[in-house]
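Residue numbers (the numbering used here), protein chains in the order written: chain A, 6 to 341; chain B, 29 to 922; chain C, 577 to 768; chain D, 467 to 789. Heads up, the beta-carbon is just placed ideally off N, CA and C, and yes, glycines get one too. Note that this is a predicted model, so its numbers are computed, not measured.
Here it is, written out as structure tokens:
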């Protein structure tokens with residue numbers, strides 16, 4: 006019947022007969038150069054209208070702000086000094102020392118690398134400054150909050166295990182927007198470019214706005230996957246910081262990469278979304294971050310709301326019974 | 029670059045300006061290579077580099093000189109490579125005096141013309157004479173066009189007979205190039221680098237150690253640079269310094285080595301190979317200058333001597349083939365192959381001189397072909413004011429760029445300097461075809477020609493430049509058809525009959541065929557040539573550009589080769605065509621030792637195959653294929669035949685890599701540190717403050733800020749540098765009209781360090797006004813630790829970063845002030861490129877004044893600084909101390 | 577969905593399909609609309625694909641241009657290129673918008689002396705006017721010899737500043753025509 | 467022990483997104499509750515022979531549910547596709563379940579209410595032969611409406627609870643009780659206004675029970691929620707509304723209990739109960755939206771939860787892993 010939480014193969018869960026291997030991203034932010042080719046390639050492929058008010062967003066080189074209805078790829082920029090780098094390295098080491106057993110089948114690598122605490126983790130020249138860059142995208146969760154709460158079936162699980170909005174079905178009820186624990190999906194307002202007041206006289210036209218009023222998010226280029234083509238952002242990424250492939254391979258590559266970095270003493274590296282046992286059953290897009298998730302604007306412990314739905318229905322049931330009882334009591338007392 | 033073990037990116041911001049090219053740096057890094065980024069700013073390149081070393085803009089020669097000094101004193105230089113392949117052992121003429129002796133000048137400097145007489149730099153000859161430049165006669169003393177001497181020689185440098193070059197292979201004789209170089213850089217110490225560049229000694233040690241550890245037989249280091257180096261008044265010397273360092277370390281001609289020029293634009297390499305440049309003819313043949321190349325004989329004698337080694341000796345075949353290509357039948361032996369049809373230069377006619385010509389009402393018509401000088405060229409105000417003096421202006425572009433609309437909504441209209449109704453200029457705006465609406469070839473930064481097929485027809489009234497100029501040429505020739513005026517002969521005899529397609533547009537492939545060249549007579553007349561070695565000086569061959577010969581070999585368009593990369597080796601010879609002769613790494617003979625064996629298995633590239641008696645390997649050998657390593661041809665021979673087995677530098681007159689450049693450069697045989705035209709720091713190495721041979725334009729509208737030590741230097745205390753962002757393209761013509769790119773970087777901003785922001789009370793993301801002696805602009809303030817103040821010359825130097833993509837106009841999606849308005853015009857003497865990477869300014873909070881108050885503000889600053897026409901424009905800083913007869917010192921009147 | 581339910585069979589109603597396909601939670605095949613089932617990339621339905629090169633910087637990344645009904649519908653990286661392996665930077669990825677950008681000009685504009693507005697001019701007239709001015713200025717500013725009497729045969733009255741995004745063939749024609757006409761002041765971005 | 471989660475965010479930008487719902491949805495929450503409660507009262511009147519109460523309750527149920535439905539459709543991004551709500555039946559989607567409940571409830575209420583209207587206009591409605599059918603089916607329709615009345619009142623709590631909005635999600639265990647009590651007291655209040663005192667006895671009792679339920683449920687919810695996630699309930703506009711709703715609930719309750727018999731006081735307390743219910747709905751609605759806008763309300767509670775789980779030795783279920 007399909008699970009509400011825990012590790013599973015989402016496509017099979019959704020009863021696709023000929024289900025393909027699950028597709029996904031691995032975004033290695035340690036080699037991202039913040040060029041935003043992914044943002045442009047995605048907008049250009051999906052004809053997403055320009056959004057934002059054409060002013061500096063006061064966040065380093067990021068003038069996009071966040072994911073949204075017309076921005077399905079967002080590159081974050083965080084400038085950090087020496088103490089913050091040390092803190093990140095410290096929090097990373099704490100993660101390593103949680104003594105977690107290797108996740109899933111013990112991979113070829115020997116048992117978890119020796120406790121890294123003593124290894125001299127200050128590489129030859131600890132940078133006194135670093136500039137984090139990371140390309141954020143829809144997580145295509147194993148248990149997708151948006152998909153579950155969608156009343157019209159506009160959001161659906163594709164045979165590739167990805168989550169896609171059907172533009173011709175969605176009536177813009179917006180419940181998915183609140184349902185997403187990562188704040189990815191959004192309903193596309195009509196006003197796409199609020200050009201700053203004094204630029205009103207500029208007559209630069211803008212492309213017509215498709216799909217106004219409808220919830221919109223990354224489709225992992227479902228239309229391209231159908232023809233076995235690589236998603237636009239992964240194809241454009243100059244340093245392959247965005248890698249695309251079968252989800253299991255992506256998780257494997259991510260684990261190898263983080264192990265390499267730890268071996269070099271860069272313990273601030275950590276994976277995000279690679280753990281099947283997390284609150285959303287692991288994500289289709291796996292990330293390698295170099296600091297706490299919230300520094301990038303990601304939730305530290307997201308949990309798909311549907312996981313608690315059974316309890317909510319039970320509590321509601323009790324409430325209904327209480328209400329009917331109260332009504333009955335009111336009428337019985339009244340007659341007595 | 030993917031094979032490099034260490035990559036030093038200096039004078040470039042590769043991850044932002046060449047992102048896809050950066051994949052190979054990322055690949056090398058993934059394989060363990062060290063990536064070091066030396067840049068005034070911490071940029072996205074530094075974010076993924078192993079180490080970022082902040083440097084004061086303009087002090088690159090101090091760093092590179094110190095590296096050379098480090099390599100020599102610590103005996104880390106690649107001995108066999110240097111002694112065999114460079115002119116280290118060559119003796120230099122006795123009259124040569126180094127900058128060490130003359131307080132910063134070299135021997136032969138003439139303050140009158142501000143140029144060098146290079147006789148004293150020549151190699152010493154057998155009997156103590158000098159190896160003269162044949163055909164140019166004894167050419168001592170000032171010469172009217174000496175100022176423009178630099179560009180009269182083309183790529184191979186001036187002719188030089190190699191016959192009796194004196195050598196001392198023990199490298200001990202003080203007159204050897206090696207000893208001169210050692211002495212020249214002796215004072216470039218790590219402490220000097222700390223003082224002049226603001227780089228800690230520890231960082232310098234790290235850089236020096238990393239480079240030297242990754243050089244030698246097994247490992248190679250690669251340098252990458254772009255306009256960060258070239259856009260200085262000392263730009264050419266920056267690159268020369270890197271060349272010397274790389275030669276000393278044996279990092280030239282080998283895989284993962286060399287000095288990678290990251291050219292800026294799609295076909296900028298193409299537009300210097302087939303140059304729409306004033307000083308060059310296609311194939312780097314120089315444009316003839318009046319007084320030096322009055323006849324074909326003078327011309328050929330000046331640029332190459334028959335007794336010179338290397339392929340440059342056959343310049344006569346290349347030149348005559350070009351003339352045959354242009355004037356076909358009208359070019360006959362009797363009229364020197366129509367040599368007299370070529371116009372002559374009388375000095376430098378670069379774009380900045382042209383703009384000054386406009387201001388003096390000498391220029392009437394101006395074509396802008398996909399260029400936006402109102403925003404992209406230095407001294408934006410001068411560009412716009414110049415254009416207002418024109419009679420007619422033709423702008424061909426995709427969008428209504430600022431250079432086409434300055435008369436309606438440019439900054440000068442706003443400041444009241446120009447009134448639209450008074451501007452006489454007629455402006456034609458012709459819409460251009462985009463890159464997918466026309467077929468043609470681009471030449472990218474690795475000299476690779478790639479063909480673009482036409483996808484769709486140009487929309488509306490759009491035309492490609494090919495169509496426009498073909499039609500313009502036809503109309504001009506029709507209008508002049510009847511003329512018997514001798515002036516019009518060159519136009520009427522021009523070969524202009526290109527086959528046209530059904531719409532009457534010329535076939536691009538036909539033009540490429542003409543560029544490739546063909547046999548004109550004999551058995552295979554009309555058939556395309558397949559290599560430039562087939563060119564003959566007897567008029568039997570024609571070639572539009574000799575270095576491209578071979579692109580159309582046997583009638584197929586090799587630029588259109590598209591064998592997928594994954595189906596061929598890393599050099600991928602069957603993808604596009606690289607000039608010359610589809611060779612990918614130049615001078616790759618140097619990837620093998622003098623005996624022809626590879627230096628190491630890991631860095632194997634081409635080697636001598638004993639049984640085949642040929643050079644073989646992964647690339648087309650850049651050497652006569654059958655010339656055995658040990659061969660020593662008869663010294664009397666000239667041209668390619670004269671190349672001995674161990675002369676990898678086949679274009680140089682002596683076949684060797686030049687540590688010391690006896691000719692070819694106008695501002696010194698060895699890179700010497702001089703401060704920029706405007707600098708808050710005094711030159712701690714020499715008394716000479718700025719480069720003596722720099723080209724200055726003392727004009728009231730081109731005032732310079734006083735440099736360190738002179739009064740008023742504190743009025744413009746900060747250094748600013750201009751640069752590009754990934755999201756925008758140069759002057760914004762192809763990016764600020766695109767919504768998707770404009771929203772990524774919407775507003776003009778300046779990057780300042782927290783310390784400077786505190787000092788000047790700049791509020792993060794608030795507004796700031798930046799003032800220079802030329803103009804004042806406004807920009808949003810980004811306060812970031814990526815800009816670091818540097819302790820230089822005893823005081824703190826703050827640097828301000830200014831991207832230059834924005835321009836004032838009403839048509840773009842986003843607009844803003846142009847950073848280039850702040851820049852003045854001071855040019856590098858060798859290549860006439862402007863200094864836009866370092867200049868002085870002041871910065872204060874708040875938006876800039878509007879209208880006439882803007883001019884008042886700039887004037888008030890100029891007055892306070894006391895800057896006059898003479899400020900910063902003195903050739904010799906302190907004549908007495910620099911061995912110049914004080915009597916002759918005077919400001920150059922030009 | 578309901579309004580076009582009637583003509584199709586009742587069986588297509590997703591609620592029913594949920595039961596038939598076993599996808600009771602309505603997550604996958606049961607809720608897909610006909611349009612979603614027929615989805616495909618516009619690159620597959622393009623009339624033709626042309627190999628080209630990105631017009632922005634000098635790395636020379638390969639580009640594939642997809643055309644449908646004589647209009648560029650997509651420009652993306654060319655995986656065959658050994659230089660770029662199918663990858664592009666933000667500017668390269670925006671090439672399709674460069675070609676189809678709303679702000680792009682497709683009509684000839686002319687501004688008469690002292691006028692404050694553009695006016696339209698048809699192409700042939702414009703080129704002819706330019707040719708006339710070219711010849712007239714050339715004649716007016718012709719220099720046969722310099723002051724020292726040496727042959728120069730040139731005009732300093734005409735100059736050009738070419739962009740570095742021109743093809744080699746275009747550069748060749750420009751240099752050839754201008755040099756033959758004696759206009760030596762041809763310059764381009766290589767120097768700026 | 468549990469490391470104090472110091473707070474960093476990405477330039478202060480929200481982590482999750484607030485639901486794009488306007489005040490229409492808050493109005494629907496209130497009217498849904500009123501409709502549900504009224505239908506129960508209607509059934510009560512029907513069974514215990516209180517014709518006026520039955521008629522008024524049924525009419526108010528129909529009025530409330532129709533205005534509520536219109537408000538819902540108006541808030542949709544694409545109102546013309548409102549029928550897609552019945553395209554599938556997804557048990558994991560409270561909005562889907564709710565749409566079906568709303569439809570079922572509306573049919574029942576409509577039938578029973580039309581019957582009332584027909585009587586009110588003493589059979590002048592153009593029903594013709596249908597009249598007899600209507601009379602026959604009127605009773606069962608009342609039952610059917612009442613059957614879905616409870617779920618209609620409670621499902622909206624699950625709709626808000628089953629989201630990533632911090633305050634709603636944190637209170638998902640008690641929210642149903644708050645909403646059910648609020649629905650009860652609102653419908654009771656409305657009944658006390660519309661129905662004369664003599665037939666409104668049960669309404670008064672129901673109202674009192676609702677008041678007690680609401681006060682308790684609200685207290686328990688705030689107590690058991692993560693303190694940080696509960697803050698929006700006590701701050702800003704939402705805090706003010708909830709404070710006023712509490713006062714009105716108390717006042718309405720007192721009025722009902724003490725002098726419920728006097729018509730004037732009944733009407734007054736009915737009004738205050740209605741107002742209180744509306745304020746509760748708007749308050750909870752506003753608190754949720756503002757909790758989504760500030761990243762702190764998402765990050766800190768999650769960090770505390772993660773830290774508590776780790777302290778308890780569960781170390782394998784975090785989204786951030788080292789290998």
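Classification of residue i by the beta-carbon crowding that lies within 10 angstroms, buried from 16 upward
i: residue 748 (chain C); result: buried
i: residue 752 (chain C); result: buried
i: residue 243 (chain A); result: buried
i: residue 511 (chain B); result: exposed
i: residue 587 (chain D); result: exposed
i: residue 93 (chain B); result: buried
i: residue 594 (chain B); result: exposed
DSSP-derived helix/strand/coil call for residue i
i: residue 227 (chain B); result: coil
i: residue 540 (chain D); result: helix
i: residue 58 (chain A); result: coil
i: residue 187 (chain A); result: coil
i: residue 211 (chain B); result: helix
i: residue 414 (chain B); result: helix
i: residue 404 (chain B); result: helix
Supposed contact pair residue j and residue i - C-beta distance, whole angstroms, cut 8 Å
i: residue 80 (chain A); j: residue 140 (chain A); result: 5 Å
i: residue 666 (chain C); j: residue 45 (chain A); result: 4 Å
i: residue 676 (chain D); j: residue 651 (chain D); result: 3 Å
i: residue 68 (chain B); j: residue 38 (chain A); result: 19 Å between Cβ atoms; not a contact.
**Prompt:** Mind listing which residues of the segment 273 to 300 of chain A have their C-beta closer than 9 Å to chain D's C-betas, in chain order?
**Reply:** 274, 275, 276, 277, 278, 279, 280, 282, 283, 284, 285, 287, 288, 294, 296, 297, 298, 299 and 300
**Prompt:** Name the residues in the segment 593 to 612 of chain C whose C-beta lies less than 8 Å from a C-beta of chain A; which are they?
**Reply:** 597, 598, 599, 600, 601, 602, 603, 604, 605, 606, 607, 608, 609, 611 and 612
**Item:** Every unbroken alpha helix (DSSP H) inside the segment 819 to 857 of chain B [4 residues or more]
**Value:** none
**Asked** Along the segment 689 to 701 of chain C, what residues have a CB closer than 8 Å to any CB found in chain A?
**Response** none
**Message:** Short of 8 Å Cβ to Cβ, which residues in the segment 428 to 453 of chain B face chain A?
**Reply:** none
**Prompt:** Any residues in the segment 336 to 368 of chain B with a beta carbon nearer than 9 Å to a beta carbon of chain C? Which ones, in chain order?
**Reply:** 353, 354, 355 and 368
**Positions along the segment 537 to 560 of chain D whose CB lies within less than 9 Å of some CB in chain C** = Answer set for the segment 537 to 560 of chain D: 547, 549, 550, 552, 553, 554, 555, 556, 557, 558 and 559.
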